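Comments concern the structure below.
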Amino acid sequence: MRKIHAKSAHGSAGALARRQGRAATLAAGAALVALMAGGQALAQSAPDSVDDLQEIVVTGSRIKQANLTTASPLTMVGQQDLQYQGTTNIESALNRLPQVMADSNENGSNGSDGTARVNLRNLGSNRNLVLIDGQRMLPPEMNDLNFIPTAMVDRVDVVSGGASAVYGSDAVSGVVNFILRKNLDGVRADVQYSIAQHDNGNQALRSVVRAKGYPTAPDEVWDGIKKDVSVAAGTNFDGQKGNVTLFAGYHYMMPVTQDKRDYSSCDLNLKDANTFVCGGSSNNVYGLFYPLSGPTAGSYLVNSKDGSKTWVPYDSSFAYNYTPTNYIQRTDKRETGGVAAHYEFAKEIEAYGNFMYMNDHTFSQAAPSALFQGTTFNINCNNPLMSASQASTLCGTAAGTPTDAQTFIGYRLAGPGSQPRRDDLRHIDYRFTGGFRGEVWDGWSYDANFLWSKAILNETYLNNVDNTKAQRALEVVNVNGVPTCKSVIDGTDPTCVPINVFQYNGISQAGYNYLYSPSHTHGAQTEKVGSLAINGDLEQYGIKSPWAKKGAAIALGFEHREETLLYEADAVAQQGGTMPSSGSLSVDEGYGELQIPLIQDKPLVQELLFNTGYRYSKYDYLDGGVSTYKFELQYAPVSDFRLRGSYNRAVRAASISELFAPKTVGNVAAQDPCAGTNPTATLAQCALTGVTSAQYGHIAECPTDLCSAQGGGNTALKPETADTFTAGVVLTPTFIPNFTATLDYYNIKVDGYIAGVDAQTAINQCVTTGSSYFCGLFHRDNSAGGVLFGANGYVESTNQNTGYLKTSGVDVDISYKLALEDLVNHNWGDLNFNLTGSVLLSNETEQLPGLGSYDCVGLFGPTCGQPNPRWRHQLRTTWSSPWIPATVSINWRFIGPTSLSSNTANAFLASDYVGINAKLPSYSYFDLATTYKMTDYLSLRAGVNNILDRDPPAIASGLLSKFGNGNTYPGIYDPLGRVIFVGATVEF
């Protein structure tokens, strides 16, 4: 982290003179930061005095000095740009950057953990480090961008390249550093309101919905309201030696359900390769049965639609449309607050501290619960709620006897009295950092800091079927003409209520109330970091190049970090497969960084600058230590032109959950090629996955294209290693005033990356190649006919050090300010242009060493995941009025076209050809915003994002993967349509 810190003029005369002498250099350096960084320009004017000089922080180095250029590609997002976007959730602004791929966000619902994360270079949110003013934000696995008070953000620095040598583990793909406002002297209040307006007019999709008999989305909707209020108050005191600032914020977001949009109002399936059809879940409202024993074992049966106790063959007309109640924008209520203070006793010692707090309460919502297929239920053959024909079909000759028959049941609790499943997620986060810093003698300064943070998750899952209770409610006998649970008779559960699953709408309200059991989990992670950083100017000791004006600078430091994890689950949650876990780790690290100007102000060499850094880390669970290092070089032959390049060796140690998480089975998007009456794989191929000849053609299909995978921790994990190369050019031509351009190439390769093998990849590889490794990952539930879902049928996907991840590309950033002046010198204001774009050259994955790889550039799909376009950009054009203090800004967001990965020939990706989603077209979104400073105290803003109200692409649900929701990727494309916002800021 590069800092320039000038304080009030109360130190020694020599120190004051040095600070005054640097003032002009630092002011110029502040402007140079914007030029070299390649991001949003941060306008800086020369300070009137040393007291006006503000601390300047540039992410990527710990060297303190006036030279603020950086060798790594760095993008800045300023507070004004956040206001132009109408951003209230910071991840929305970051997801627009070409360097960022959408991750967990506000548009995730079923399965969401309620957090917001950032994912640099599509290498995973666990491979970049999130900082606040250069220090870690929260425990790594609980990082949540919702914690950041948007109104307090001065700017965001995004370093998209390895930075482990500077900041430690997790900074494999880079660093996101939130720089907060400092030294507020007064009161600043901000309020914003936004609402989405959308016209549903996709006639093709509406006809698909009508053909199924489902209701279509409303013609026009106004929804998705967001309200934000924040206030900050601060004061300088004792001659500006100290400052105290308090801040608080409130955020409220209303939910949007998927039935309010054409593209998400039903579950889109494929009728054939070129035709959408509304599908749904076979866990339906009528009641599906898949007997595992008896005369009809291996057949799908369903209760008749007329409500009679009659079973008929199952077909797609019985499928349940589970989308209408699902959220495409979660409800959310959040309070944030904090206090920051510092006081300089003398130039040798300044005390500082910062406390931040967040209480976030969000709900995700999904369709009503069910007796889901995958759980084997026993039904006694003398159950009085069955008709005689049903008993005979299920039990054969055992009908009417106490014998138990085994079956899967798919019975959706969506009748009268039903409630959607709701995941109540409460995040409470605390963060405190404090310490002492100062200049101990000329050219040497220190910063001794302690950081403590804690992230708490309290989760309650509501309106979900308790399978233990469901089993009791299915075992029913006749007692004096009254159907009665066996558990009531034997006293094991006197509250049991019999459920009639043998006819449509057969379950009573009392049965619903009995079956629902909330589950509770509690998670807490803490992080403690003690650090000491020392910065030194070596020029005073004569350590300098004979061809340079300035000497070497050095940064040294030591850090001790501890992390703990505690995760608790109640009996109901454990019954559903969620298990408790705990663990801890600690690491001691020492680092050093050296910067040397080699040549300055010579012919053809205005500056040649070298920087290197090294960090040694010793983890308590590893036998030896790990090393990270970097080498950087900058060469400016003239002031108009600068070359820069770097090499970084980065390391990411396994997180606590990756080490200690228990093995659990959960749903994953996948299809079993050996399931159904006409499997797509041959008997020989299926035999490799554990299918017997008797099972072949009689295995139940994974419901709703969701099979099961077993994930979990591994204490034998080794750290990932990564090599990052960057090379770039910076243009600041003096013959084109107010113009800057940067072009940067990056290449990142992560070896031994920590992950579980993707379930669909394991399935495809076993079937197509016969690999003994991939085939060995299958665990079929032979007690249930060989299914690949439920608690006992799954693909093994526990954590391990796997193959490699590799990505490369080119970032482009161009900024230009044009003064609008006509021939008679009339001033028409200024136009500011800023283009930030990125070309993706490779996005390669090798899941296991030596077994081949696949490249997802220009692709999306079940294995490649979210769209990976070759080109993405933002182009913002802003006009500043010369007559009134107002601006008008338009932004063009472009997302390049992508093709379906499963249509490719690569064996890791290939599957059945799909024509209707073979290619997603390019997308252009246009956003308009305006600002107006009404008085010295009041500023207004308003804007419209996605002016043209463009729908996101509709994608068959079976082709979606992680972060897909509502038949699209809402983190990549705008899910709500046109969004209108207004806001105001009061400062006094």
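Quick note on the working numbering: the sequence shown kicks off at 1076 and runs consecutively. Backbone N, C-alpha and C fix where the C-beta goes; we use that ideal spot for every residue, glycine too. None of the values given here were measured: they were computed from a predicted structure.
Cα-Cα, which of Thr1385, Gln1315, Ala1271, Ile1889 is closest to Lys1335? Ala1271
If you count every other CB in all the chains shown that lies within 10 Å of the CB of Pro1678, and 16 or more means buried, which is it? exposed
Comparing alpha-carbon positions, which option in Phe2001, Met1433, Thr1844, Val1832 lies nearest Pro1224? Met1433
Take Thr1291 and list the residues in its own chain whose beta-carbon comes closer than 6 Å to its own, dropping the five residues that flank it on each side. Arg1281, Val1284
Pull the bridge partners of Val1726 from the DSSP assignment, please. Residue pairing for Val1726: DSSP places it in a beta bridge opposite Thr1796.
With DSSP run on the structure shown, which of helix, strand or coil describes Met1461? Coil, per DSSP.
Report the residue from Asn1918, Ser2032, Tyr1988, Arg2016 whose alpha carbon sits nearest the alpha carbon of Arg1196. Asn1918
Taking the DSSP output, what are the residues bridged to Gln1709? Leu1684, Arg1719
Would you list, in sequence order, the uninterrupted alpha helix (DSSP H) runs of no fewer than 4 residues that lie entirely inside the region 1557 to 1645? Taking only runs of at least 4 residues, the alpha helix (DSSP H) segments lying wholly in the region 1557 to 1645 are 1561 to 1564, 1584 to 1590.
Ile1165 (DSSP reduced to helix, strand or coil): helix
Could you check whether Tyr1689 and Ser1702 sit closer than 8 Å to each other, using their CB atoms as the reference points? yes
Gly1865 and Thr1596 - do their beta-carbons sit closer together than 8 Å? Cβ distance not < 8 Å, so Thr1596 and Gly1865 don't count as in contact.
Determine the burial state of Ile1564: buried for a count of at least 16 other Cβ atoms within 10 Å of its Cβ, exposed for fewer. The residue in question, Ile1564, is exposed, as its Cβ has fewer than 16 Cβ neighbours within 10 Å.
Within the chosen definition, does the region 1972 to 1984 reach the region 2035 to 2046 through at least 3 CB pairs nearer than 8 Å? no
Which value, in whole angstroms, describes the spacing of the CA atoms of Asn1185 and Gln1440? Their backbone Cα atoms lie some 6 Å apart in a straight line.
Going by the DSSP bridge assignment, what does Cys1353 pair with across the sheet? The beta-bridge partner set that DSSP reports for Cys1353 consists of Leu1343.
Report the residue ranges of all beta strand (DSSP E) runs contained in full by the region 1499 to 1548; include only those spanning at least 3 residues, in chain order. Within the region 1499 to 1548, the complete beta strand (DSSP E) segments of 3 residues or longer fall at 1519 to 1537, listed in chain order.
With a threshold of 6 Å on Cβ separation, who are the neighbours of Ala1088 within its own chain once the five nearest residues in sequence on each side are excluded? In this prediction, Ala1088 scores a pLDDT of 32, lower than 50, which makes its location untrustworthy; no coordinate-derived value is stated.
Do you know whose CA, among Val1193, Leu1213, Leu1893, Asp1156, lies nearest Leu1526's CA? Leu1213
Taking all protein chains shown into account, do 16 or more other C-beta atoms lie within 10 angstroms of the C-beta of Met2009, making it buried, or fewer, making it exposed? exposed
Alpha helix (DSSP H) segments (min. 4 residues) lying fully within the region 1780 to 1847: 1834 to 1844
For Asp1905, the first and last residue of its enclosing beta strand (DSSP E): 1902 to 1921
Determine whether the beta carbon atoms of Asn1252 and Thr1134 lie at a separation below 8 Å. yes
Leu1631 versus Tyr1666: straight-line alpha-carbon distance, rounded: 6 Å
Between the CA atoms of Ser1179 and Val1247 - distance to the nearest angstrom: Taking the straight line from one Cα to the other gives about 19 Å.
On the three-pair Cβ rule with 8 Å, is the region 1224 to 1233 touching the region 1317 to 1331? yes
Where the alpha helix (DSSP H) containing Glu1733 begins and where it ends: 1731 to 1735
In angstroms with no decimal places, state the Cα-to-Cα distance between Ile1823 and Ser1239. 13 Å
Leaving out the 5 sequence neighbours to the left and right, which residues in its chain are closer than 6 Å to Arg1501 when beta-carbon positions are compared? His1436, Asn1533
Top-ranked residue by Cα proximity to Ala2017, from Phe1351, Val1152, Val1572, Val2057: Val2057
Using 10 angstroms around the beta-carbon of Glu1896, count the other beta-carbons present and answer buried if the total reaches 16, otherwise exposed. exposed
As a quick exercise: from Glu1514, Ala1627, Ser1606, pick the residue whose alpha carbon is nearest that of Glu1664. Ser1606
Using only the alpha-carbon positions, how far apart do Pro1491 and Tyr1402 sit? 21 Å
Helix, strand or coil: which one does DSSP assign to Tyr1402? strand
Hey, out of Pro1737, Gly1861, Ala1837, Gly1787, whose CA is closest to Gln1770's CA? Gly1861
With DSSP as the reference, identify every bridge partner of Val1233, one or two as the case may be. Thr1150, Val1251
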